[in-house]
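> Handing you this structure, nothing more for now.
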Amino acid sequence: GENVEQHPSTLSVQEGDSAVIKCTYSDSASNYFPWYKQELGKRPQLIIDIRSNVGEKKDQRIAVTLNKTAKHFSLHITETQPEDSAVYFCAAGGGGGADGLTFGKGTHLIIQP
Amino acid sequence: NAGVTQTPKFQVLKTGQSMTLQCAQDMNHNSMYWYRQDPGMGLRLIYYSASEGTTDKGEVPNGYNVSRLNKREFSLRLESAAPSQTSVYFCASSYGGDYGYTFGSGTRLTVV
Numbered sequence: 378g379e380n381v382e383q384h385p386s387t388l389s390v391q392e393g394d395s396a397v398i399k400c401t402y403s404d405s406a407s408n409y410f411p412w413y414k415q416e417l418g419k420r421p422q423l424i425i426d427i428r429s430n431v432g433e434k435k436d437q438r439i440a441v442t443l444n445k446t447a448k449h450f451s452l453h454i455t456e457t458q459p460e461d462s463a464v465y466f467c468a469a470g471g472g473g474g475a476d477g478l479t480f481g482k483g484t485h486l487i488i489q490p
Numbered sequence: 021n022a023g024v025t026q027t028p029k030f031q032v033l034k035t036g037q038s039m040t041l042q043c044a045q046d047m048n049h050n051s052m053y054w055y056r057q058d059p060g061m062g063l064r065l066i067y068y069s070a071s072e073g074t075t076d077k078g079e080v081p082n083g084y085n086v087s088r089l090n091k092r093e094f095s096l097r098l099e100s101a102a103p104s105q106t107s108v109y110f111c112a113s114s115y116g117g118d119y120g121y122t123f124g125s126g127t128r129l130t131v132v
């Protein structure tokens, strides 16, 4: 089955700086790569996703890049703000195999004032 | 428009007791999922249902059963709860494997 590795597990950045979270996956058949943000005590919420026919996608301060050859994808957050503090999860799946996304273990992003 | 509704929000069980977690979605999604979330482990798939009438095992199905009652409802049953099943359980739904999930608010289950 699919295996998703996510790094780092904790990331602390100064407010206004950029943050980058990286994930690798193992199943070359996967073609859908979403990112979720989870605030303390809340449900995960989809913030951005990318499909394998696209190399990069941007939505305001967040962007995701995908390298299918290397089987890795990254989340980039620019001009970080206090409300960006949360746990972020990457996931991989789709591709006609078994349904269900495989999630990374999460990155706790801390924005220092 | 409620999205994905899970009940109960909190539950304490004694070892060996049984219970059913309920999940319903009103977004006309085809696929529904049950995940458990443990500290440092991310979200792990227990069972999923790609369409009404079908269910399949995920990564950690042991000790659980599911029922896809109709397109809207997908329940998770613990027949004989164990302390290892202490976790936060999330139900989710989507249009399919290539689409984002909408999660329910979660059930915090403690087995003593």
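Keeping their order, the protein sequence lines are chains A and B.
Heads up: take any position in the first sequence, counting from 1, add 377, and you land on the numbering used here.
Heads up: take any position in the second sequence, counting from 1, add 20, and you land on the numbering used here.
Even for Gly, the Cβ is constructed at its ideal location relative to N, Cα and C.
Enumerated in chain order, which unbroken segments of the beta strand (DSSP E) with a length of 3 residues or greater are wholly contained in the region 410-490 of chain A?
422-428, 433-436, 439-444, 449-454, 463-469 and 484-489, all fully within the region 410-490 of chain A.
> For the beta strand (DSSP E) holding residue 37/B, just list the boundary residues, first then last.
Careful: residue 37/B lies outside any beta strand (DSSP E) and carries neither H nor E.
> Closer than 7 Å by C-beta to residue 399/A: which residues in its own chain qualify, once you throw out the five before and the five after it? Chain order, please.
Counting only Cβ-Cβ distances below 7 Å, and skipping sequence neighbours, we find 384, 449 and 451.
> Output needed for residue 100/B: all residues of its chain with C-beta closer than 6 Å, excluding positions within five of it in sequence on either side, in chain order.
Within the same chain, residue 100/B has close Cβ partners 36.
> Throw me the rounded Cβ distance for the residue 404/A and residue 379/A pair, which I believe falls under 8 Å.
About 4 Å separates the two Cβ atoms, so the contact holds.
> According to a CB-to-CB cut-off of less than 7 Å, which residues of the region 406-420 of chain A neighbour chain C?
This model lacks chain C altogether, as its protein chains are A and B.
> In terms of alpha-carbon separation, which member of 420/A, 433/A and 466/A lies closest to residue 444/A?
The residue with the shortest Cα to Cα distance from residue 444/A is 433/A.
> When you compare the region 81-89 of chain B with the region 120-132 of chain B, are there three or more beta-carbon pairs, one atom per stretch, that lie closer than 8 Å?
Touching, no.
> Quick one, are the C-beta atoms of residue 389/A and residue 454/A less than 7 Å apart?
No, these two residues do not count as a Cβ contact at 7 Å.
> Could you tell me which residues DSSP pairs with residue 96/B in its beta bridges?
DSSP, once it has assigned bridges, lists 41/B and 86/B as partnering residue 96/B.
> Is the beta carbon of residue 112/B sitting closer than 7 Å to the one on residue 94/B?
Not in contact: residue 112/B and residue 94/B (Cβ atoms no closer than 7 Å).
> What are the residues in the region 102-121 of chain B lying within 8 Å of chain A by C-beta distance?
Per Cβ criterion, the list reads 110, 116, 117, 118, 119, 120 and 121.
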